[in-house]
Amino acid sequence: MGVRNLWTLLLPVGRRVSLESLHGKTLAIDASIWITQFLKAVREPTESHPDDEDDPGSAPRPAAMVRGAHVAGVVRRVCRLLYHGARPVF
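According to the working numbering, the sequence shown is numbered sequentially starting from 202.
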């Protein structure tokens, strides 16, 4: 998914901007990138299992997903853009 080597292609012309500088501008947003970021980043730690304590060489258990984290993250970002006067388009 996505464009291979996109950031390499954009590196010569890309630049960071402040949120305040986006006031009154319309932004095209790829929502799938945001959703994927939140699904990968926001995880809930799992409780240790009693059997794991007996085997210190066992692999750690994967973290569980926080239910609805991707939705909450996208809504938060959209609200922040709207607060600063930007108009997101998906």
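Every residue, glycine too, gets a C-beta built ideally from N, C-alpha and C.
Residue nearest to residue i in terms of C-alpha spacing, selected from the options
i, options, result
"L240", "V204, L283, V275 and V279", "V275"
"Y284", "R268, E221 and L210", "E221"
"T237", "R216, G269, L282 and R281", "G269"
Proximity below 8 Å, CB of residue i to CB of residue j
i, j, result
"W235", "R277", "no"
"V267", "V243", "yes"
message: For the structure I just gave you, are there three or more beta carbon pairs, one from the stretch 282-290 and one from the stretch 222-237, closer than 8 Å?
response: yes
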